[in-house]
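**Q** This is the structure I want to talk about, given as structure tokens.
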Amino acid sequence: MLITLLTDFGTADGYVAELKGVLLSQAPGCQVIDLSHDIPAHEIDTARLAVARFWQRFPAATIHLVVVDPGVGSDRQAIVVMSEGRFLVGPDNGVLSPALLLPGAQVVSLPVPPDAAPTFHGRDVFAPAAAALARGELFESLGVPLADPVIRRTPEPVREDGGWLRGEVIVVDRFGNAVTNLHAVHGGDVRVGERNIPLRRTYADVESGEAVALIGSSGLVEIAVRDGSASYSLGLGRGTVVRIRDGVQDAMRR
Amino acid sequence: MLITLLTDFGTADGYVAELKGVLLSQAPGCQVIDLSHDIPAHEIDTARLAVARFWQRFPAATIHLVVVDPGVGSDRQAIVVMSEGRFLVGPDNGVLSPALLLPGAQVVSLPVPPDAAPTFHGRDVFAPAAAALARGELFESLGVPLADPVIRRTPEPVREDGGWLRGEVIVVDRFGNAVTNLHAVHGGDVRVGERNIPLRRTYADVESGEAVALIGSSGLVEIAVRDGSASYSLGLGRGTVVRIRDGVQDAMRR
Amino acid sequence: MLITLLTDFGTADGYVAELKGVLLSQAPGCQVIDLSHDIPAHEIDTARLAVARFWQRFPAATIHLVVVDPGVGSDRQAIVVMSEGRFLVGPDNGVLSPALLLPGAQVVSLPVPPDAAPTFHGRDVFAPAAAALARGELFESLGVPLADPVIRRTPEPVREDGGWLRGEVIVVDRFGNAVTNLHAVHGGDVRVGERNIPLRRTYADVESGEAVALIGSSGLVEIAVRDGSASYSLGLGRGTVVRIRDGVQDAMRR
Numbered sequence: 171m172l173i174t175l176l177t178d179f180g181t182a183d184g185y186v187a188e189l190k191g192v193l194l195s196q197a198p199g200c201q202v203i204d205l206s207h208d209i210p211a212h213e214i215d216t217a218r219l220a221v222a223r224f225w226q227r228f229p230a231a232t233i234h235l236v237v238v239d240p241g242v243g244s245d246r247q248a249i250v251v252m253s254e255g256r257f258l259v260g261p262d263n264g265v266l267s268p269a270l271l272l273p274g275a276q277v278v279s280l281p282v283p284p285d286a287a288p289t290f291h292g293r294d295v296f297a298p299a300a301a302a303l304a305r306g307e308l309f310e311s312l313g314v315p316l317a318d319p320v321i322r323r324t325p326e327p328v329r330e331d332g333g334w335l336r337g338e339v340i341v342v343d344r345f346g347n348a349v350t351n352l353h354a355v356h357g358g359d360v361r362v363g364e365r366n367i368p369l370r371r372t373y374a375d376v377e378s379g380e381a382v383a384l385i386g387s388s389g390l391v392e393i394a395v396r397d398g399s400a401s402y403s404l405g406l407g408r409g410t411v412v413r414i415r416d417g418v419q420d421a422m423r424r
Numbered sequence: 171m172l173i174t175l176l177t178d179f180g181t182a183d184g185y186v187a188e189l190k191g192v193l194l195s196q197a198p199g200c201q202v203i204d205l206s207h208d209i210p211a212h213e214i215d216t217a218r219l220a221v222a223r224f225w226q227r228f229p230a231a232t233i234h235l236v237v238v239d240p241g242v243g244s245d246r247q248a249i250v251v252m253s254e255g256r257f258l259v260g261p262d263n264g265v266l267s268p269a270l271l272l273p274g275a276q277v278v279s280l281p282v283p284p285d286a287a288p289t290f291h292g293r294d295v296f297a298p299a300a301a302a303l304a305r306g307e308l309f310e311s312l313g314v315p316l317a318d319p320v321i322r323r324t325p326e327p328v329r330e331d332g333g334w335l336r337g338e339v340i341v342v343d344r345f346g347n348a349v350t351n352l353h354a355v356h357g358g359d360v361r362v363g364e365r366n367i368p369l370r371r372t373y374a375d376v377e378s379g380e381a382v383a384l385i386g387s388s389g390l391v392e393i394a395v396r397d398g399s400a401s402y403s404l405g406l407g408r409g410t411v412v413r414i415r416d417g418v419q420d421a422m423r424r
Numbered sequence: 171m172l173i174t175l176l177t178d179f180g181t182a183d184g185y186v187a188e189l190k191g192v193l194l195s196q197a198p199g200c201q202v203i204d205l206s207h208d209i210p211a212h213e214i215d216t217a218r219l220a221v222a223r224f225w226q227r228f229p230a231a232t233i234h235l236v237v238v239d240p241g242v243g244s245d246r247q248a249i250v251v252m253s254e255g256r257f258l259v260g261p262d263n264g265v266l267s268p269a270l271l272l273p274g275a276q277v278v279s280l281p282v283p284p285d286a287a288p289t290f291h292g293r294d295v296f297a298p299a300a301a302a303l304a305r306g307e308l309f310e311s312l313g314v315p316l317a318d319p320v321i322r323r324t325p326e327p328v329r330e331d332g333g334w335l336r337g338e339v340i341v342v343d344r345f346g347n348a349v350t351n352l353h354a355v356h357g358g359d360v361r362v363g364e365r366n367i368p369l370r371r372t373y374a375d376v377e378s379g380e381a382v383a384l385i386g387s388s389g390l391v392e393i394a395v396r397d398g399s400a401s402y403s404l405g406l407g408r409g410t411v412v413r414i415r416d417g418v419q420d421a422m423r424r
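In structure tokens:
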């Protein structure tokens with residue numbers, strides 16, 4: 171059984187190590203796959219956008235354990251989602267929204283054992299649930315159905331006069347590329363403030379050091395600087411307004 | 171066979187990659203589990219505290235390879251510890267103390283082959299020993315018994331007048347939580363300098379931005395700031411004095 | 171089947187997660203081994219030097235997936251190398267040179283499917299090729315032979331008057347050790363600028379805080395400061411000139 175891990179724990183403190191010990195003790199023979207432990211602390215949306223990228227790329231029956239959990243120990247629920255044949259385990263804070271938003275998704279709320287550390291449900295609640303799934307326990311047996319899990323959404327672009335669609339940067343990646351919430355199918359004008367940025371196929375379609383807009387690998391418009399950082403060079407960060415005209419689809423709805 | 175890895179190597183230089191190549195070549199079929207490669211360079215105590223957290227959480231027969239080894243190439247011994255049915259392989263500098271301190275722990279000192287690189291025993295001494303264990307070689311056959319391995323201990327709190335126990339911060343985690351060497355079972359006053367910090371069950375028991383003391387997931391008192399960093403906000407670092415009164419057990423002895 | 175991963179992606183953005191999803195979906199049962207995702211963005215030579223360290227240490231038939239690919243989407247080729255019984259998959263930008271330079275190495279150029287994201291060949295071109303190899307598809311069937319792959323080499327030292335060999339720092343590791351392109355077999359004078367640095371066996375052969383030259387674990391001369399950082403203390407960085415006299419072999423030719 172595949173169990174993937176996404177956390178904001180870093181690794182140096184040993185929390186991830188404890189969590190892996192629980193998985194490998196309670197689900198002998200499972201294969202634990204690190205996805206990331208470098209989500210910035212408490213950044214639910216960064217984790218959610220990563221989940222949107224990867225969760226369906228894994229085989230059916232994969233168990234995704236996602237622990238970015240600033241509300242640990244509060245009254246937020248601990249949940250398991252079953253969606254498109256995969257399982258996702260984590261806090262009910264919206265981080266699992268990409269899987270929750272698909273038709274047919276089911277959710278159960280996990281009981282919290284009285285001896286669970288109130289600051290470490292990753293080890294004492296989520297990992298045991300993931301291990302139980304890996305051992306073949308039924309999804310339905312893990313908890314009680316939850317009717318209204320927390321959903322977080324990427325903001326949607328807004329239509330403006332003159333055929334423009336106003337979106338924004340939703341994440342800046344490690345390379346300084348600024349990914350927006352705009353979803354384009356073919357060419358069009360991309361504008362950041364008063365600056366026009368050519369929409370091209372790939373980085374190599376402009377000269378080194380020049381800005382380019384392109385349709386990124388998740389289908390969203392992103393702004394890049396070839397051999398550089400668009401975030402740094404153009405001053406782009408989360409929330410920076412980006413506009414596009416023509417060739418525009420509705421904003422991605424997940 | 172499970173072989174876990176904890177190092178201060180980072181990954182970009184390729185040292186961890188070499189070590190994994192040795193393990194997978196010399197113990198075909200073993201499962202290599204990364205615990206961390208982000209221990210700060212040469213920080214034996216940070217690694218030791220992580221080891222204390224995880225080593226017993228893994229199944230019996232797990233092999234823990236721990237390489238934080240500023241004394242590599244000196245006359246420090248290379249050791250294998252057998253304790254509670256697990257194996258730990260690493261330098262004799264105290265990093266394996268949590269396993270050494272349990273009754274029944276046994277230790278052998280490994281021979282260093284003449285062609286071992288004097289700067290990389292991880293690859294040339296420790297990984298081959300871990301691989302030998304994974305292949306089923308007997309612990310006793312790996313080296314000669316070592317009578318007095320190096321032990322490092324967490325400092326113990328000191329009793330003061332007025333019912334206070336004076337401890338200190340032993341590690342600051344990624345979230346800025348300051349973990350102390352104080353071991354509390356129930357409520358009590360926690361004080362940092364002249365500041366009183368309420369002892370509560372979890373972060374959510376105080377308002378956002380407020381300081382809270384709680385019993386962390388390893389049973390030790392820690393100081394946190396909800397939705398923030400106690401280390402940053404309160405100026406806490408390793409060695410900062412923290413006092414507690416009432417409801418106090420003896421300090422953790424490992 | 172073992173598939174190793176070396177990238178400059180970091181992990182927080184979810185790109186590595188997508189790539190693993192492709193591997194585990196298209197090659198069920200393969201074992202994915204992280205080597206590093208912390209290669210600095212676009213640093214082909216840092217990745218190449220890491221590849222030189224590890225690629226032959228893994229068992230025959232291992233598949234090394236190496237994605238440091240600033241030219242993605244341009245007309246650079248995507249290649250698979252078969253060398254010494256191992257496979258290496260990645261961009262044709264020199265990062266795979268250590269395997270290409272051995273006699274008998276073979277190379278094929280991969281087709282790029284029309285629906286591959288022009289910014290993410292790691293997911294859409296390289297991972298599927300690695301998965302195909304893991305499923306047992308023949309190397310020859312993956313693409314067409316490529317006659318002249320791009321080769322990048324470590325610069326070679328230059329002989330100077332007085333028996334000196336002038337080399338340079340090629341990489342600074344995480345510990346601040348400066349690895350040079352000088353290849354020594356026994357004692358000799360090592361000089362950085364006007365400063366003589368003793369060539370010793372290991373760090374422990376000098377006092378704490380003192381500089382030492384030694385033959386590192388890949389056979390190259392490196393400069394270290396015991397319990398410190400040679401890079402910081404001595405101002406060494408990539409390209410800093412280092413000279414050696416006596417006991418000198420030809421520079422490493424890969």
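Residue numbers (this note's numbering), protein chains in the order written: chain A, 171 to 424; chain B, 171 to 424; chain C, 171 to 424.
We treat Cβ as the ideally placed atom computed from N, Cα and C, and that holds for glycine.
1. So the alpha helix (DSSP H) residue 267 of chain B belongs to, where does it begin and stop?
2. Express the C-alpha separation of residue 238 of chain A and residue 174 of chain A in angstroms, rounding to a whole number.
3. If you measure beta-carbon to beta-carbon, which residues of the stretch 289-305 of chain A are closer than 8 Å to chain B?
4. Can you check the stretch 228-267 of chain B for any alpha helix (DSSP H) of at least 4 residues that lies completely inside it and give the ranges in chain order?
5. Determine, using beta carbons only, whether residue 296 of chain C and residue 252 of chain C come nearer to each other than 7 Å.
6. Please confirm whether residue 387 of chain C and residue 289 of chain B have their CB atoms less than 7 Å apart.
7. Please go through the stretch 272-327 of chain C and give each complete alpha helix (DSSP H) segment of 4 or more residues, from N-terminal end onward.
8. Does the distance from the CB of residue 339 of chain A to the CB of residue 406 of chain A come in under 7 Å?
9. Can you tell which of C/352, C/262, C/408, C/225 has its C-alpha closest to the C-alpha of residue 343 of chain C?
10. Are any of the Cβ atoms in chain A nearer than 7 Å to that of residue 205 of chain B?
11. Counting only C-beta atoms, is residue 343 of chain C closer than 7 Å to chain B at any point?
12. At what residues does the alpha helix (DSSP H) containing residue 192 of chain B begin and finish?
13. Helix, strand or coil for residue 334 of chain A per DSSP?
14. So residue 373 of chain A contacts chain C; which residues on that side make the cut at Cβ distance below 9 Å?
15. Could you confirm whether any beta carbon from chain C is found closer than 7 Å to the beta carbon of residue 217 of chain B?
16. Please report the straight-line C-alpha distance between residue 301 of chain B and residue 307 of chain B, rounded to a whole angstrom.
17. Would you tell me roughly how many angstroms separate the C-alpha atoms of residue 228 of chain A and residue 195 of chain C, rounded to the nearest one?
18. Going by DSSP in three states, residue 411 of chain C sits in which element: helix, strand or coil?
19. Report the neighbours of residue 230 of chain C on chain A: residues whose CB is nearer than 7 Å to its CB, in chain order.
20. If residue 211 of chain A sits next to residue 178 of chain A, beta carbons under 8 Å apart, how far is it from one beta carbon to the other, in whole angstroms?
21. Verify the CB distance criterion: does residue 386 of chain A have a CB-CB separation below 7 Å to chain C?
22. Could you give the C-beta distance for residue 187 of chain C and residue 205 of chain A, rounded to a whole number, given that I count them as a contact under 8 Å?
23. Under 7 Å, Cβ to Cβ, is there at least one residue of chain B near residue 188 of chain A?
24. Does the structure place the stretch 263-281 of chain B close enough to the stretch 317-324 of chain B that three or more beta carbon pairs sit under 8 Å?
25. Between residue 353 of chain C and residue 371 of chain C, what straight-line distance do the alpha-carbon atoms span, to the nearest angstrom?
26. Look up residue 220 of chain B in the DSSP assignment and say whether it is helix, strand or coil.
27. Determine the chain A residues that contact residue 397 of chain B at a beta-carbon separation under 8 Å, and present them in chain order.
28. Would you tell me roughly how many angstroms separate the C-alpha atoms of residue 242 of chain C and residue 224 of chain A, rounded to the nearest one?
29. What span of residues does the beta strand (DSSP E) with residue 399 of chain C cover, start to end?
30. With a threshold of 6 Å on Cβ separation, who are the neighbours of residue 262 of chain A within its own chain once the five nearest residues in sequence on each side are excluded?
31. Mind checking which residues open and close the beta strand (DSSP E) that includes residue 382 of chain C?
**A** By the coordinates alone:
1. Working through the second sequence from its first residue, we reach residue 267 of chain B at position 97. 267-270 is the extent of the alpha helix (DSSP H) around residue 267 of chain B.
2. Taking the first residue of the first sequence as position 1, residue 174 of chain A is located at position 4. Taking the first residue of the first sequence as position 1, residue 238 of chain A is located at position 68. Going by the C-alpha atoms only, they are around 14 Å apart.
3. 289, 290, 293, 294
4. none
5. Taking the first residue of the third sequence as 1, we reach residue 296 of chain C at position 126. Taking the first residue of the third sequence as 1, we reach residue 252 of chain C at position 82. No; because the gap between Cβ atoms is not below 7 Å, this pair is not in contact.
6. The sequence position of residue 387 of chain C within the third sequence is 217, counting from 1. The sequence position of residue 289 of chain B within the second sequence is 119, counting from 1. For residue 387 of chain C and residue 289 of chain B, yes; Cβs fall inside 7 Å.
7. 297-304
8. Translated into the one-based positions of the first sequence, residue 339 of chain A becomes position 169. Translated into the one-based positions of the first sequence, residue 406 of chain A becomes position 236. Yes, Cβ-Cβ distance for residue 339 of chain A and residue 406 of chain A is below 7 Å.
9. Stepping through the third sequence from its first residue, residue 343 of chain C is reached at position 173. Checking every option, the nearest Cα to that of residue 343 of chain C belongs to C/408.
10. For the purposes of this step, residue 205 of chain B is taken as residue 35 along the second sequence, with counting starting at 1. So yes, residue 205 of chain B belongs to the interface.
11. Against the third sequence, residue 343 of chain C aligns to sequence position 173. Answer yes: the Cβ-Cβ gap between residue 343 of chain C and chain B drops below 7 Å somewhere.
12. By one-based count along the second sequence, residue 192 of chain B stands at place 22. Start and end: 185-196.
13. Counting from 1 along the first sequence, the entry for residue 334 of chain A is found at position 164. Strand at residue 334 of chain A.
14. To locate residue 373 of chain A, count along the first sequence from 1; it is residue 203. The contacting residues are 240, 241, 242, 243, 244, 288, 289.
15. Position 47 of the second sequence, counting from 1, holds the residue named residue 217 of chain B. Not one chain C Cβ lies under 7 Å of residue 217 of chain B.
16. Locating residue 301 of chain B in the second sequence gives position 131, where the first residue counts as 1. Locating residue 307 of chain B in the second sequence gives position 137, where the first residue counts as 1. Going by the C-alpha atoms only, they are around 9 Å apart.
17. Sequence index remark: in the first sequence, residue 228 of chain A carries index 58 (1-based). Sequence index remark: in the third sequence, residue 195 of chain C carries index 25 (1-based). Each residue's Cα considered, the two are about 6 Å apart.
18. Counted from its first residue, the third sequence places residue 411 of chain C at position 241. Residue state, collapsed to three classes: strand.
19. The sequence position of residue 230 of chain C within the third sequence is 60, counting from 1. What residue 230 of chain C touches in chain A: nothing, since even the nearest Cβ is about 23 Å away.
20. In the first sequence, residue 211 of chain A corresponds to position 41, counting from 1. In the first sequence, residue 178 of chain A corresponds to position 8, counting from 1. The pair is a contact, with the Cβ atoms about 5 Å apart (cut-off 8 Å).
21. Taking the first sequence and counting its residues from 1, one reaches residue 386 of chain A at position 216. Closer than 7 Å: yes.
22. Along the third sequence, one-based indexing puts residue 187 of chain C at 17. Along the first sequence, one-based indexing puts residue 205 of chain A at 35. The Cβ separation is near 4 Å, so the contact holds.
23. For this step, residue 188 of chain A is matched to residue 18 along the first sequence. Closer than 7 Å: yes.
24. yes
25. Here residue 353 of chain C is taken as the residue at index 183 of the third sequence, counted from 1. Here residue 371 of chain C is taken as the residue at index 201 of the third sequence, counted from 1. Rounded to the nearest angstrom, the two C-alpha atoms are 14 Å apart.
26. The residue labelled residue 220 of chain B in the question sits at position 50 within the second sequence. Residue 220 of chain B falls in the helix class under three-state DSSP.
27. The residue given as residue 397 of chain B occupies position 227 in the second sequence. Per Cβ cutoff of 8 Å: 212, 240.
28. Locating residue 242 of chain C in the third sequence gives position 72, counting from the first residue. Locating residue 224 of chain A in the first sequence gives position 54, counting from the first residue. Distance between the alpha carbons of residue 242 of chain C and residue 224 of chain A is about 21 Å.
29. Residue mapping note: residue 399 of chain C aligns to position 229 of the third sequence, counting from 1. Where residue 399 of chain C is concerned, there is no enclosing beta strand (DSSP E), given that its DSSP letter is neither H nor E.
30. Looking up residue 262 of chain A in the first sequence gives position 92. Within the same chain, residue 262 of chain A has close Cβ partners 246, 247, 249, 319, 320.
31. Start at 1 with the first residue of the third sequence, and residue 382 of chain C comes out as number 212. First-last of the beta strand (DSSP E) with residue 382 of chain C: 381-385.
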